[in-house]
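Residue numbers (my numbering), protein chains in the order written: chain D, 1 to 390; chain W, 1001 to 1390. Beta carbons are placed, not taken as given, at the ideal position from N, Cα and C, and that holds for glycine.
Number of protein chains: 2
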Amino acid sequence: MLSVEEATQRIVAAFKPLGSERVPLEDAIGRTMAAAARASADQPPFPSSAMDGYAVRSNDQGSRQIVGSAPAGHPFSGTLGANQAVRLFTGSQVPDGADAVLAQEDARVSGDMVEFHAEPFPGKFIRAKGLDFRAGQVLAAEGTRLSARDLALLAAGDFSHVEVRRRPVIALAATGDELSLPGRPRKPGGIVASSVYGLIPWIAQWGGLPRNLGILPDKSEAIAALAEEECDLLVTLGGASVGDHDLVRTALGAKGLALDFWKIAMRPGKPLIFGRLRDTPLLGLPGNPVSSLVCALLFLRPAIWAMLGREQKQMLRSAKLTGTLDANGERQDYLRAKSEWRDGVLWAKPLPAQDSSLLKDFSEADLLIMRRPRAAALQDGATVEILALE
Amino acid sequence: MLSVEEATQRIVAAFKPLGSERVPLEDAIGRTMAAAARASADQPPFPSSAMDGYAVRSNDQGSRQIVGSAPAGHPFSGTLGANQAVRLFTGSQVPDGADAVLAQEDARVSGDMVEFHAEPFPGKFIRAKGLDFRAGQVLAAEGTRLSARDLALLAAGDFSHVEVRRRPVIALAATGDELSLPGRPRKPGGIVASSVYGLIPWIAQWGGLPRNLGILPDKSEAIAALAEEECDLLVTLGGASVGDHDLVRTALGAKGLALDFWKIAMRPGKPLIFGRLRDTPLLGLPGNPVSSLVCALLFLRPAIWAMLGREQKQMLRSAKLTGTLDANGERQDYLRAKSEWRDGVLWAKPLPAQDSSLLKDFSEADLLIMRRPRAAALQDGATVEILALE
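See the structure below:
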C-alpha cells in the first residue's frame, strides 16, 4: 500500500496546467491567474490629497489667497504660486507648485483668503504618485486564486479582463445498485446517493467545473461507457457492492485503463484507484460518503490545483489536542474533530465516533486531525497536525 | 461619534429575516436554512455491513453453509438459520436472523461451506440502523449556511429540496466624478473605480444578490434617482469629491432619507451613513477603497446576515502580536496584517503602512488586528483581537 504523501505526489505529477482564457474582471472571482498581471501605471497616478483641505506651498508663511477649487476628478489647471492655496478634497489631484495639504478643520476662511492654525511640511497629507503601487509591479502573480480584494486591486490597476486558467472539467459518476436520488423511491436495501452532493460544490470551490454523470448500475457495460467521456479528469464513486472498486477496475481495464495504484495506507479511504483511461486521468474514490469526501480533499483537490497551476500550498497546520489519543496503527488516520480557540491557540477535539459512514458527525466537524502511521499515544495538550475542512 | 459596536447593533436591529424559497439541493450551496430540516427516517435505514464478508449468527460454532449472496441494493430475502451464512459487501443490508459480520479476509470457503479464523460477537462489523442519524433529528438547523458537507448529509436524509432564505438584493452605486471603469479612458485627475469589484463578490459570498448600479456623477439628480431603486439594501460608495458623503446626504435627504447615524469612531472608515430611504435601508460606505471594504466587512456583512436570519457569529479571535504597537487614539483601529503559524499558535504581523488608499497591501494581508479606542501600547507576543479577511 502506498503512503498518502507518495500517492499525492504521483497524482500531482500526472497533471500539467491547462490552457488559459480571458475573462471579464467581474467574472474572475475564484479563478486562477495564468500569467502575472503587472500594473501599467502608477497608483495613484498623481500626487493626491489624503484630506479635505487646501493645497499650499510649505515654504510660504501666513495667510494665502484661494485661487481655485479642485474636487476629485476636476484638477486645478494652473500652477500654485507664492502665497496661494487651492481648495482640495480627499482624492483630489494636488496642483503643480503645491507640496503640502492643510486640513479643512485647521483653516479659517475670510473672503478669498485662508489662514491656518497648523504648520505644513513637504508631503504633508499628500499621497505620493505610486504610493499604492508602481507601473510594472505585479498585482496578481501567476497561480494566484483571485480573491475579492485581488479583484479590487486589479480594477485599480485598470484591468477590465484577466488571463486565467481554463477550469478543469471533472466528470463524476456514482456507481451502485443500492443508490437512489434524494426524494425518489428508495430501493429495497437501498440508500440515497449523498457524496456527490458534497463533491460537486467542493469541485466548484476548488476551481473545477463539475459534470454530474449521475448514478450508474453495477453493470460492466454502464461503467465501460465512461471510457467515452471527454473531460480533464474522470472521478468514480464506489463500486462497493461487488467488492471495493472491483467492477470499476475490471470494466475499465477492458477499455484500456492503465492503473497507477489502487490502495493507500490511510483511514478513512484505502481503496483508491488512480490511473489513466486512454488519455483521461481516472480517480476512483471509495463509496463510503465520509471516505469519498476525505479522499477528495486529499487527492482530488491537489489534482485540480495542479491543472490550475496553483501552488500546492501546505494545508497542514498544527493545533493542541483536547483529550487523549491511543497509538495509531499502520494506516495514516484522519480523525474528524472540532476546533476551539483559547487565547489565540487552536485546540482540536476528536469526535467520539469515527466510522466512515457518519455524515452527520462529518458535517459538524470543522477539521481533520492527521495521525501518521505508528504515531505514539498522545496526552491532552499535545501538538497535532490538522487539516481544515472548509 | 458612535462606537463600532453600537453602530453594528443599530444596523443589525434594523433588519428582519427575509422570506423563504424552496430550491433544489444542487443549487443550495452557501444558502441559509429558513427552517430546520429533520430526518424523516433512520440512516442507515437498516443494519448494514461495515465490511466485505459474511452475515452469521454469533452463537453458532464452526463452519457455516453459505445460503446466499446479498450485494448492496440486493438484500437477502429470507431469514438466516442456524449455522448459515450469507455473503455480504460493504453497505449490504444484514439479513434477519444474523447478528454479526465476519470479514472476507478471515474466511476460508470450500464449496458452499465457509470457515472463519475470527470470533463473532453480537453487532460485530454491523452499522446499526440509525447509527448516522435517527428519524426526527435535525440535519440542518434554521440559520445554517449550507456547506458541501451539509448538502451531502441532507441528500443522505432524502432531501431533494430545501427551504432557504431569499437572498437579499443589495444595490450598489459608486459616486464620484473622478471615477472611470477599468480599461476605459481615464479622466484628467481621475482614477479607476475599484472597491465595487471587491464588494460584488463579497456580497455574493456573504449570501446577498449584488446589483451593480455603476458609477454615478457627483450630481444631485443622479444620486436622488437612487430613491426609486427597489432592493433590500441600498449601498453607496463615496461622495468624497464634495466632502465625504455630503452629496449623498443632501441629495437623498430631499427624497426623505431618515438618517440614523453618519460617523463612527473607527479607522479606516469614520464617515459612514446608515438610515432609511422611504422603505429601503441605506448604507453609505466611504470612498477610499480600503475603508469601504473594511466597513463592508464590519457593517454590510452583519446586515446581510440579519436578513438571512444567520447567527451573528463572533468573528473576532485572538492571536499573538509580531512586533510592537503604539498606544491607540480615540478611534477603533483595524490594522492590515499578515498571519503566521508557529506550533499551533497564530501570530499576526501588522503591515508597515496603513494608509486607507493602499489596495495592494490590503490584497496581501489576510487579517485585521482590531485595536480598541485608547488601547495601551503592546509588546511583541502580546495578545491581540483579530478578524479574518476571507
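Around the Cβ of Ala34 (chain D), a 10 Å sphere holds 16 or more other Cβ atoms; the residue is buried.
The Cβ atoms of Met1307 (chain W) and Pro1017 (chain W) lie closer than 8 Å to each other. Contact note: Gln93 (chain D) reaches chain W through Gly1189, using a C-beta cutoff of 7 Å and chain order. Neighbours of Ile1200 (chain W) in chain D, taken as residues whose beta carbon is under 9 Å from its own, are Glu26, Ile29, Ala148 and Leu151 in chain order. For Ala258 (chain D), the enclosing beta strand (DSSP E) begins and ends at Leu257 to Lys263. Looking at D:Ala152, D:Ala156, D:Asp366 and D:His74, the one whose alpha-carbon comes closest to that of Arg1149 (chain W) is D:Asp366.
One thing to note: Gln1093 (chain W) has its Cβ within 8 Å of the Cβ of Ser1048 (chain W).
Interface residue (Cβ-Cβ distance to chain D less than 8 Å): Lys1360 (chain W) is classified as such. The alpha-carbon separation between Leu1233 (chain W) and Gln65 (chain D) amounts to approximately 44 Å. Contact residues of the segment 295-307 of chain D toward chain W are absent (C-beta to C-beta distance below 9 Å).
DSSP places Ile1215 (chain W) in the uninterrupted beta strand (DSSP E) bounded by Leu1209 to Leu1216. In the displayed model, Gly1238 (chain W) falls within a strand according to three-state DSSP. Close to chain W, meaning a Cβ-Cβ distance shorter than 9 Å, are the following residues of the segment 309-320 of chain D: Arg317, Ser318, Ala319 and Lys320. Checking the DSSP bridge columns, you'll see Gln332 (chain D) partnered with D:Met266.
Contact annotation for Glu390 (chain D) against chain W: Ser1147 [CB-CB distance below 7 Å, chain order]. With distances taken between CA atoms, Arg301 (chain D) lies nearest to D:Val12 out of D:Val12, D:Ser356 and D:Val196. Secondary structure at Pro1350 (chain W): strand, using DSSP grouped into helix, strand and coil.
Pairing Gly1176 (chain W) with Leu131 (chain D), the inter-Cα distance amounts to about 21 Å. Restricting attention to beta strand (DSSP E) runs no shorter than 3 residues, the segment 1350-1378 of chain W encloses them at 1367-1371, ordered along the chain. Note on geometry: alpha-carbon atoms of Glu1340 (chain W) and Thr383 (chain D) lie some 17 Å from one another.
Counted as a single uninterrupted DSSP element, the stretch harbouring Gly97 (chain D) is not any beta strand (DSSP E), since DSSP gives it neither H nor E. By the CB criterion at 8 Å, Leu1209 (chain W) and Ile1170 (chain W) fall inside the cutoff. For Phe125 (chain D), no CB of chain W lies under 8 Å from its own CB, so it is not counted at the interface with that chain. Across the set D:Ala376, D:Asp218, D:Trp202 and D:Ser220, the C-alpha of D:Trp202 shows the shortest separation from the C-alpha of Asn212 (chain D).
The alpha carbon of Val4 (chain D) has as its nearest neighbour, out of D:Arg342, D:Arg108 and D:Glu330, the alpha carbon of D:Glu330.
Partner residues in the beta bridge of Glu1021 (chain W), as assigned by DSSP, are W:Val1164. Excluding residues up to 5 positions away in sequence, His1161 and Glu1163 lie with their Cβ nearer than 6 Å to the Cβ of Arg1022 (chain W) in the same chain. Against chain D, a Cβ distance below 9 Å from Phe1121 (chain W) picks out nothing, because the smallest value is about 17 Å. At a cut-off of 8 Å, the C-beta of Asp177 (chain D) has a neighbouring C-beta in chain W. Annotated three-state conformation of Ala171 (chain D) is strand, per DSSP. The segment 1344-1351 of chain W and the segment 341-348 of chain D touch, with three or more beta-carbon pairs separated by less than 8 Å.
Contact holds between the segment 1115-1132 of chain W and the segment 1040-1059 of chain W, because three or more Cβ pairs, one in each stretch, are under 8 Å apart. For Asp1096 (chain W), the closest Cβ of chain D is not nearer than 8 Å.
When Cβ-Cβ separations below 8 Å define contact, Ser220 (chain D) makes no contact with chain W.
Within the same chain, Cβ atoms closer than 8 Å to the Cβ of Asp260 (chain D) are found at Arg10, Ala14, Phe274, Gly275 and Arg276, the five residues on either side in sequence being excluded.
Secondary structure note for Met1051 (chain W): it is in no beta strand (DSSP E), with a DSSP letter that is neither H nor E.
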